[in-house]
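Trainee: So the sequence shown is numbered by our numbering: it starts at 1166 and just counts up by one. Note that beta-carbon positions come from the ideal geometry of N, C-alpha and C, so glycine has one too.
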Amino acid sequence: MDSPLGTRLIRFGSFGLGTSMYFDEASQEVLHGLTPQDVAMVNTSPSHFTQGIVRLSEIFPFYGEESDVDEWEAAAKGVEDIIREVDTRAYYEGAYWYEFRWDVSIGDFHE
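#1: Tell me which residue opens and which closes the alpha helix (DSSP H) that THR1215 is part of.
#2: Using a Cβ-Cβ cut-off of 8 Å, state whether THR1253 counts as contacting chain C.
#3: ILE1247 bridges to which residues according to DSSP?
#4: Using the C-alpha atoms, what's the distance from TRP1267 back to THR1172?
#5: On the DSSP bridge list, what partners appear for GLY1178?
#6: Between which residues of its own chain and GLY1243 is the CB-CB distance below 8 Å, once the five residues before and five after are set aside?
#7: Who are the Cβ neighbours of ALA1191 in its own chain at under 6 Å, not counting the five residues just before and after it?
#8: Inspect the beta-carbon positions of ALA1255 and ILE1248 and report whether they are closer than 8 Å.
#9: What does DSSP give as the partner residues of ALA1191 in its beta bridges?
#10: Using 8 Å as the threshold, is the C-beta distance between VAL1204 and TYR1261 below it?
#11: Since THR1184 contacts LEU1199 with CB under 8 Å, what's their CB separation in whole angstroms?
Dropping the structure here:
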């Protein structure tokens, strides 16, 4: 599959309502999007992506089912800190990990 920039994308996963994960051979970035023509960066490299997943899995579940909004926000801050530490360029408004952090902050990731 080709991206809008003409680079080759390798689809390696999917989640949600048809969103796919891609590896861009030219930039070496991990991307996500509904189609190869509509992708955005997840991480600057597969190793950053993997490291982020491993680090986040070490603290999952982020909170218990009976947790409250304060616990959700504390967990979300922990998620943000990990992503920023692993791959600074991967955390910005509207980015995959930015949105993931906000999902954690509203209680979507309990046991």
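Mentor: Walking through what the data contain:
#1: Position 50 of the sequence shown holds residue 1215. Its alpha helix (DSSP H) spans residues 1211–1223.
#2: Going by chain labels, chain C is absent from the structure shown, which holds only one protein chain.
#3: Your numbering for residue 1247 matches position 82 in the sequence shown. Answer by DSSP bridge pairing: none, since ILE1247 is not bridged.
#4: Position 7 of the sequence shown, counting from 1, holds the residue named residue 1172. Position 102 of the sequence shown, counting from 1, holds the residue named residue 1267. Whole-angstrom Cα-Cα distance: 31 Å.
#5: Against the sequence shown, residue 1178 aligns to sequence position 13. According to DSSP, GLY1178 bridges with MET1186.
#6: In the sequence shown, the residue the question calls residue 1243 occupies position 78. Taken in chain order, the residues that qualify are ILE1224, PHE1227.
#7: Here the question's residue 1191 lines up with position 26 in the sequence shown. Same-chain partners within the cutoff: THR1172.
#8: In the sequence shown, the residue the question calls residue 1255 occupies position 90. In the sequence shown, the residue the question calls residue 1248 occupies position 83. Contact flag set, yes.
#9: Counted from its first residue, the sequence shown places residue 1191 at position 26. Paired residue(s): none; ALA1191 is not in a bridge.
#10: Within the sequence shown, residue 1204 is the residue found at index 39, counting from 1. Within the sequence shown, residue 1261 is the residue found at index 96, counting from 1. Contact flag unset, no.
#11: Locating residue 1184 in the sequence shown gives position 19, counting from the first residue. Locating residue 1199 in the sequence shown gives position 34, counting from the first residue. 6 Å between Cβ atoms; contact.
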